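Trainee: The opening residue of the sequence shown carries number 1 in UniProt numbering; numbering runs sequentially from there. Where a beta carbon is used, it is the ideal one built from N, C-alpha and C, also for glycine. Given the structure is predicted, the values throughout are model-derived calculations rather than measurements.
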Amino acid sequence: MGLNAHFFQVRIFFANPVSRYMTLSLFLESDKAGTPHYALFGNPVEHSLSPLMHNTALDFYGSEARYYAIELQPDELSRLASYFNEDAFLGGNITLPYKQVIADYLDTVDSVAESIGAVNTIVKKGEGVRLQGYNTDVHGFLAPLGDYVHQLQRNRAIVFGTGGASRAVVTALTELGMDELYLVSRNPGKVDSFNHYPAVSVISYHEWTSYAEESRLIVNTTPLGMDPRVDTSPVKESDQEYLSGRICYDVVYNPMKTKFLALAEQAGATTIGGLEMLIQQGSRSFEYWTGRSFPLDNVRKRLYAHFRQ
Numbered sequence: 001m002g003l004n005a006h007f008f009q010v011r012i013f014f015a016n017p018v019s020r021y022m023t024l025s026l027f028l029e030s031d032k033a034g035t036p037h038y039a040l041f042g043n044p045v046e047h048s049l050s051p052l053m054h055n056t057a058l059d060f061y062g063s064e065a066r067y068y069a070i071e072l073q074p075d076e077l078s079r080l081a082s083y084f085n086e087d088a089f090l091g092g093n094i095t096l097p098y099k100q101v102i103a104d105y106l107d108t109v110d111s112v113a114e115s116i117g118a119v120n121t122i123v124k125k126g127e128g129v130r131l132q133g134y135n136t137d138v139h140g141f142l143a144p145l146g147d148y149v150h151q152l153q154r155n156r157a158i159v160f161g162t163g164g165a166s167r168a169v170v171t172a173l174t175e176l177g178m179d180e181l182y183l184v185s186r187n188p189g190k191v192d193s194f195n196h197y198p199a200v201s202v203i204s205y206h207e208w209t210s211y212a213e214e215s216r217l218i219v220n221t222t223p224l225g226m227d228p229r230v231d232t233s234p235v236k237e238s239d240q241e242y243l244s245g246r247i248c249y250d251v252v253y254n255p256m257k258t259k260f261l262a263l264a265e266q267a268g269a270t271t272i273g274g275l276e277m278l279i280q281q282g283s284r285s286f287e288y289w290t291g292r293s294f295p296l297d298n299v300r301k302r303l304y305a306h307f308r309q
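(1) I need the DSSP call for F89, collapsed to helix, strand or coil.
(2) Please name the residue, chosen from T162, A143, N120, that lies closest to L224 on a Cα-to-Cα basis.
(3) Have a look at A212 and A172 and give me their C-alpha separation to the nearest angstrom.
(4) Just curious, the alpha helix (DSSP H) that I102 is in, first and last residue?
(5) Is the beta carbon of Y61 closer than 7 Å to that of H37?
(6) At the level of alpha carbons, what is the spacing between R77 and P44?
(7) State the start and end residues of the unbroken beta strand (DSSP E) segment that holds G140.
(8) Go through its chain and collect everything with a Cβ distance to Q153's Cβ below 8 Å, but skip five positions before and after it.
(9) Is E241 helix, strand or coil when you go by DSSP?
(10) Could you tell me the boundaries of the beta strand (DSSP E) in which L181 lies?
(11) From L90 to Y253, what does the alpha carbon distance come to, in whole angstroms?
(12) Tell me which same chain residues have a C-beta within less than 6 Å of the C-beta of A39, skipping the five on either side of it?
(13) Measuring straight from C-alpha to C-alpha, what distance separates E287 and T221?
(14) Would you kindly work out how many angstroms separate the C-alpha atoms of T290 and N55, rounded to a whole number?
(15) So, with DSSP's three-state summary, where would you put S285?
(16) Once you ignore the five residues that flank A88 on each side, which residues in its own chain have a CB closer than 7 Å to its CB?
(17) Taking only the alpha-carbon atoms, compute the straight-line gap between P228 and G126 and give it to the nearest angstrom.
(18) Once you ignore the five residues that flank G164 on each side, which residues in its own chain have a CB closer than 7 Å to its CB?
(19) Among the residues of its own chain, which have a CB less than 6 Å from the CB of R130, if the five just before and after it don't count?
(20) If A113 sits next to Y134, beta carbons under 8 Å apart, how far is it from one beta carbon to the other, in whole angstroms?
(21) How long is the line joining the alpha carbons of L49 and L80, rounded to whole angstroms?
(22) Using CA coordinates, which residue listed in K301, S293, L296, L275 is at the minimum distance from F141?
(23) For my contact list, S238 and A269 are in at a C-beta cut-off of 8 Å; report their separation, rounded to the angstrom.
(24) Looking at the unbroken alpha helix (DSSP H) that takes in K259, where does it start and where does it end?
(25) For N298, does the three-state DSSP call read helix, strand or coil?
(26) Run through DSSP, which three-state label would Q280 get?
(27) Near T23, which residues of its chain fall below 8 Å by C-beta distance, leaving aside the five closest residues on each side in sequence?
(28) Rounded to whole angstroms, what's the CA-CA distance from S185 to Y197? Just pull it up for me.
(29) Would you give the residue range spanned by the alpha helix (DSSP H) that G164 belongs to?
(30) With a 10 Å radius around its C-beta and 16 neighbouring C-beta atoms as the bar for buried, classify I116 as buried or exposed.
(31) Using a Cβ-Cβ cutoff of less than 8 Å, which residues in the same chain neighbour V10 once the five nearest sequence positions on both sides are dropped?
In structure tokens form, the structure reads like this:
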């Protein structure tokens with residue numbers, strides 16, 4: 001049976017799109033492991049919206065397959081190779097802290113994932129079950145910027161954070177054609193993972209305002225502002241004026257309007273939230289797995305309704 005055959009079988013029941021998470025060991029002992037499924041692997045995963053997003057998309061097509069969140073323990077990594085080759089496993093996503101190490105369990109990775117050094121999507125290809133790793137974060141980040149490309153090309157950006165999320169953002173902005181990228185770090189002298197990006201300079205938090213006037217885009221890739229730390233922001237209230245007239249983008253999606261975005265909005269900036277990035281990177285993963293168009297409107301409506309509850 002082909003990789004996508006399960007996708008088109010008619011489901012005989014409706015399952016709650018928000019799946020409970022469990023460890024890989026417990027999942028493999030459950031009945032769910034033997035039914036067609038996709039999965040998110042990470043630790044923690046309990047607050048992930050990926051199950052809600054992808055199960056909404058699967059429901060749209062009447063698929064019997066489900067998407068589960070699996071909290072992967074370090075001592076369970078050795079079980080992945082055999083699990084990935086099970087017919088019931090149709091594909092998956094990887095989140096922290098396994099985006100770098102997962103490549104060891106795959107046959108190949110695409111050029112984007114290789115350049116970033118991180119995989120977030122696993123695709124099963126061909127009857128021989130070749131496991132291909134992709135990174136859809138770059139697409140996810142760039143898609144919401146589509147209306148602003150002409151404003152950003154040959155321009156400058158400030159990016160708060162130098163962790164895993166910032167690597168995808170730097171790759172995306174380099175691809176977009178931005179001239180200079182200023183990465184803001186609490187320890188700029190210890191950051192050397194961006195040396196191969198000629199447009200990148202690493203600066204400290206007390207320096208960023210000096211570069212704000214020349215920058216068109218300001219991005220937060222840190223966890224500051226994420227639930228439950230909703231009162232935190234990479235930008236102090238006293239520095240709010242430096243956001244005025246800029247495009248301010250937060251990759252955090254919970255809450256939908258972070259303190260950083262609230263400050264930016266009050267300053268008259270254009271704001272973009274992380275929920276749209278999540279949806280767009282998820283759409284690319286879904287299309288890789290199924291070969292079908294992602295029902296963006298349905299998923300967007302469902303996720304926005306989730307936050308209004």
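Mentor: The structure says:
(1) strand
(2) T162
(3) A212 and A172: Cα-Cα distance of roughly 20 Å.
(4) For I102, there is no enclosing alpha helix (DSSP H), as DSSP marks it with neither H nor E.
(5) Using a Cβ distance threshold of 7 Å, H37 and Y61 do not count as a contacting pair.
(6) Inspection of the sequence shows that residue 77 is occupied by Leu rather than by Arg. Cα to Cα, L77 sits roughly 15 Å from P44.
(7) First-last for G140: 137 to 142, but that is the alpha helix (DSSP H), not the beta strand (DSSP E).
(8) L176, G177, M178
(9) If DSSP states are grouped into helix, strand and coil, E241 belongs with the helices.
(10) 180 to 185
(11) 27 Å
(12) Y68, I70, G92
(13) 25 Å
(14) Near 13 Å, if we compare the C-alpha coordinates of N55 and T290.
(15) The answer is helix: DSSP assigns S285 an H, G or I state.
(16) A33, G34, T35, P36, H37
(17) 43 Å
(18) L96, K99, A118
(19) D107
(20) 6 Å
(21) Straight-line Cα distance between these residues: approximately 23 Å.
(22) Nearest C-alpha to F141: L275.
(23) At roughly 16 Å, the Cβ-Cβ gap does not stay under 8 Å, so S238 and A269 are not in contact.
(24) 259 to 266
(25) helix
(26) helix
(27) I70, E71, L72, Q73, E76
(28) 16 Å
(29) 164 to 176
(30) buried
(31) The predicted model places V10 with a pLDDT of 33, which falls under 50 and marks its position as unreliable, so this point remains unresolved.
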